[in-house]
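Residue numbers (my numbering): 14 to 93. No residue lacks a Cβ here, since even glycine has one placed at the ideal position from N, Cα and C. Just so it is clear, the structure is predicted and the values come from calculations on it, not from any experiment.
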């Protein structure tokens, strides 16, 4: 199987990122509506609420500017 050409790979990443952000925003909107008692939970709303912890974890781990892959949240080296 050949790897994708750079433009196709870029389009795939863009589509996945867009889909992820739509899911995250809809899950947050559903959670806020549920918290305010403005929502009777159906199947779709229940799935969005159940996916919110996973979506938030992906955001904080890989996409957030505060992600721990960067040196900003690493502890300083110990001085001996």
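DSSP places residue 53 in the coil class of the three-state scheme, outside both helix and strand.
Around the C-beta of residue 40, 16 or more other C-beta atoms lie within 10 Å, and the residue is accordingly described as buried. When 27, 73 and 42 are compared, the shortest CA-CA separation from residue 61 is found for 42.
In the three-state reduction of the DSSP assignment, residue 64 falls in the helix class, which pools H, G and I. Here residue 19 carries a helix assignment [DSSP, helix/strand/coil]. CA-CA distance, residue 66 to residue 27, rounds to 22 Å. CA-to-CA, the gap between residue 18 and residue 24 works out to about 10 Å. Distance between residue 22 and residue 36, taken at the CA atoms: about 21 Å.
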